[in-house]
Structure formats: structure tokens, C-alpha cells
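Asks: Numbering (our numbering), first residue to last: 4 to 295.
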Ligand code: UTP
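(1) Within the same chain, show all residues whose beta-carbon is closer than 7 Å to that of residue 64, passing over the 5 residues directly before and after it, in chain order.
(2) Any heavy atom of the ligand UTP closer than 8 Å to the Cβ of residue 109?
(3) Should the segment 50 to 66 be called in touch with the segment 11 to 25, which here means at least 3 C-beta pairs below 8 Å?
(4) Excluding five sequence neighbours on each side, which residues of the same chain lie with their C-beta closer than 7 Å to the C-beta of residue 146?
(5) Measure how close the beta-carbons of residue 162 and residue 215 come, nearest whole angstrom, since I'm counting them as under 8 Å.
(6) Note the first and the last residue of the continuous alpha helix (DSSP H) segment covering residue 264.
(7) Examine the Cβ distances between the segment 248 to 255 and the segment 151 to 168 and report whether three or more of them are shorter than 8 Å.
(8) Might you give, ordered along the chain, the residues of its own chain that have their beta carbon closer than 8 Å to the beta carbon of residue 194, omitting 5 neighbours on each side?
(9) Can you find the residues in the same chain that come closer than 7 Å, C-beta to C-beta, to residue 97, ignoring five residues on each side of it along the sequence?
(10) Leaving aside the five residues before and after residue 40 along the sequence, list all residues of the same chain whose C-beta is less than 7 Å from its C-beta, in chain order.
(11) Any idea what DSSP makes of residue 190, helix, strand or coil?
(12) Ends of the alpha helix (DSSP H) at residue 155?
(13) For residue 255, which of helix, strand or coil comes out of DSSP?
(14) Is the beta carbon of residue 2 sitting closer than 9 Å to the one on residue 54?
(15) In angstroms with no decimal places, state the Cα-to-Cα distance between residue 19 and residue 292.
(16) Looking at residue 191: is its Cβ nearer than 9 Å to the Cβ of residue 182?
(17) For residue 201, verify whether its CB is less than 8 Å away from any heavy atom of the ligand UTP.
(18) Whose C-alpha, out of 78, 258 and 154, is nearest the C-alpha of residue 92?
(19) Report yes if the CB atom of residue 132 is closer than 9 Å to the CB atom of residue 102, and no otherwise.
(20) Do you know whose CA, among 208, 142, 149 and 135, lies nearest residue 171's CA?
(21) Just verifying my parser: in three-state terms, what is the DSSP assignment at residue 271?
(22) Taking DSSP as the reference, what is the three-state secondary structure of residue 225?
(23) From residue 155 to residue 265, what distance separates their C-alpha atoms?
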């Protein structure tokens with residue numbers, strides 16, 4: 004049977020230490036890029052890829068994510084009464100009617116692999132997508148997850164989103180060893196290793212926060228021991244999956260902003276600000292004046 008992807012898991016239970024103090028009491032994923040929180044960009048990307056069930060794995064201090072994707076009855080009513088149709092549309096658009104949201108608690112932040120495992124009562128044995136909202140991926144032609152879902156639906160194999168990174172940064176990522184080249188953007192993965200030092204990294208192809216994984220990965224995660232940083236790593240489970248079945252690496256089309264990092268976050272705000280339909284022109288003028 005050919006599988007389709009209708010589930011997306013959003014692990015949002017991390018501490019966001021690189022963004023302190025902003026993340027002391029509120030989640031990194033609610034940081035806005037111009038006027039929209041990071042998590043909403045990721046959910047919109049999944050929705051555009053045809054996914055309708057969004058599973059959030061949350062932790063302490065993450066209640067605002069739950070609120071954001073709930074129906075804000077009082078606010079909507081107030082906007083309706085005041086005739087603010089434009090804002091009402093914005094608020095209603097956060098959760099389209101045909102989209103389901105599920106919240107699961109990760110009681111202890113034991114790592115990304117553990118966060119994904121927490122979603123297994125909902126995911127069951129089906130294939131699913133994982134999106135890390137602090138990786139903001141922008142592609143005007145086709146959203147990145149849609150590109151990856153198309154690869155999965157054609158190949159019926161796990162797909163990791165990858166991109167080239169500078170060698171001095173390999174320690175921040177899962178790094179792959181490429182196997183057979185399938186086309187310009189697609190290859191098989193021979194091995195993957197979490198956060199290797201630049202001098203031992205097998206390549207400079209890094210796994211970015213988009214994955215399409217088969218249900219089997221949940222069984223592997225149940226037995227995955229702590230890895231790098233004492234955390235249960237998704238990368239280690241994928242390394243085991245490679246021993247059982249083909250895993251693909253897809254060099255996606257689009258631009259990535261590392262919004263878990265302060266500089267990447269500022270860059271995303273500037274570039275998305277310049278593209279903003281209402282603010283773009285004014286903002287460009289402001290930047291020009293500032294740089295004079
Ligand atoms: P990061 O490695 O970016 O960790 O996690 P973090 O806590 O969010 O941020 P820093 O590094 O401390 O600044 C990658 C993703 O995995 C989630 C995070 O929320 C983030 O989306 N995560 C990580 C969990 O959901 N649970 C965990 O136990 C760890």
C-alpha cells in the first residue's frame with residue numbers, strides 16, 4: 004500500500020537556552036518573525052504540504068502555543084462586533100477548520116528523539132513529518148515540506164532535509180555520509196552522525212529541521228540510549244533505521260534561517276520584513292536611510 008503523509012509532529016519542548024532571557028518564561032517557537040510566530044510558519048508549511056493533523060509535543064512554559072492554536076472566541080467576537088473584518092480573518096486563519104491539533108506533554112526534556120517518541124500514541128505505525136519550527140525555511144516556488152512529501156510519495160522511503168554548511172559548523176548538526184546519487188537533489192544516506200567535530204565530520208551535508216519518517220522509527224526510539232549531550236537523539240534512531248531500510252537525503256530548494264540563534268533570527272526578521280506586503284517598501288527605505 005502506498006502511504007501518504009497526513010501527520011506532522013512539532014517538538015516544542017526544548018529550553019531554548021541560546022535565546023535566553025527571551026525564552027525564560029515564553030517559548031522560542033512563539034518568537035515572531037515580523038508579525039507571525041515561528042510555529043505558525045511551520046504549521047502553515049505543513050498545511051501547504053497537505054497535512055491536516057498537527058501534533059505538538061510541548062513542555063513547561065509552552066501554554067501560549069496551545070492558546071495560539073485554539074479558537075479565541077472572545078477575541079473573535081470582539082473583532083466581529085467592532086467590524087474589524089481584516090483582523091478577524093487573520094485570527095481565524097491561524098487554525099483552518101479542516102486542521103486538527105493535538106497536544107502531548109513531554110514531561111522531561113530528554114532530547115529531540117524522546118520528544119518525537121512522545122507522539123507515538125497518536126502517530127501509531129504511520130509515516131509522519133517532523134518540523135523544527137526554529138528552522139524557518141522559505142521557498143516561494145514550493146514550500147520545502149511539500150517538496151519532501153512529493154519525494155516520499157514517489158519513493159516511499161524516509162526523507163531527511165539537508166543542506167551544505169561551513170565545515171566549522173558541523174558540530175551543530177547531524178551530518179550525513181551520502182550514498183548513491185539518485186538525481187541532482189536526492190541521494191541515499193549511508194550513515195548519519197550527531198554533531199561531529201569539523202576534523203572528523205564525514206561531510207558538510209547537514210540535516211536541517213525537516214524529516215519524513217516511517218512508523219518503524221518509533222519502535223527504534225523506544226530502545227535508543229542517550230547519545231550526544233546526554234540526550235535521546237533522533238539522529239541515533241535514524242542511524243539505526245538506515246540499517247533496516249533506505250533513507251534518502253533531499254537537498255531542498257529554498258532559504259533557511261536558523262531562528263534558534265540570535266543572528267539568524269535577526270536576519271530572518273530583516274529579510275521577511277523587506278518582503279512583507281504592507282511594510283516592505285517602507286522598511287526598505289528605513290534601512291537605506293540607516294545605512295547612509
Ligand atoms: P534544540 O537543540 O534547538 O534545543 O532542539 P532547544 O532547547 O530548543 O534550544 P537551545 O539549543 O537550548 O537553545 C531542537 C528542537 O527539539 C525540541 C526543541 O523544542 C527544538 O524544536 N526539543 C528538544 C524537544 O521538544 N524536547 C527536548 O527534550 C529537546
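Just so it is clear, CB atoms sit at the ideal spot from N, CA and C, and this is done for glycine as well.
Replies: Quick answer:
(1) A distance below 7 Å between beta-carbons, with the five flanking residues on each side excluded, links residue 64 to the following residues of its chain, in chain order: 28, 29 and 30.
(2) Taken from the Cβ of residue 109, at least one heavy atom of the ligand UTP lies inside 8 Å.
(3) Yes, they touch.
(4) Leaving aside the five residues that flank residue 146 on each side, the residues in its chain whose CB is nearer than 7 Å to its CB run, in chain order, 48, 51 and 52.
(5) Taking the Cβ atoms as the reference, residue 162 lies roughly 4 Å from residue 215, within the contact range of under 8 Å.
(6) Element bounds for residue 264: n/a, residue is neither H nor E.
(7) Enough Cβ pairs lie closer than 8 Å, so yes.
(8) Setting aside the 5 residues that flank it on each side, residue 194 is surrounded in the same chain by 179, 180, 205, 242 and 245, each with a C-beta closer than 8 Å to its C-beta; the list follows chain order.
(9) Beyond the five residues adjoining it in sequence on each side, residue 97 comes within less than 7 Å, by CB distance, of 43, 71 and 72 in the same chain, given in chain order.
(10) Within the same chain, residue 40 has close Cβ partners 32, 33, 34 and 71.
(11) In the structure shown, residue 190 sits in a strand (DSSP, three-state: E or B).
(12) Note, residue 155: alpha helix (DSSP H), 147 to 158.
(13) Coil, per DSSP.
(14) Residue 2 falls outside the range modelled here, since the chain spans only 4 to 295, and no answer is possible.
(15) C-alpha separation (whole angstroms): 34 Å.
(16) In this structure, residue 182 lies closer than 9 Å to residue 191 by Cβ.
(17) With a cut-off of 8 Å, the C-beta of residue 201 is classified as distant from the ligand UTP, since no heavy atom of the ligand falls inside that distance.
(18) Considering only alpha carbons, the answer is 78.
(19) The answer is no: Cβ separation not under 9 Å.
(20) Cα-wise, what sits closest to residue 171 is 208.
(21) If DSSP states are grouped into helix, strand and coil, residue 271 belongs with the helices.
(22) Residue 225 falls in the coil class under three-state DSSP.
(23) Whole-angstrom Cα-Cα distance: 33 Å.
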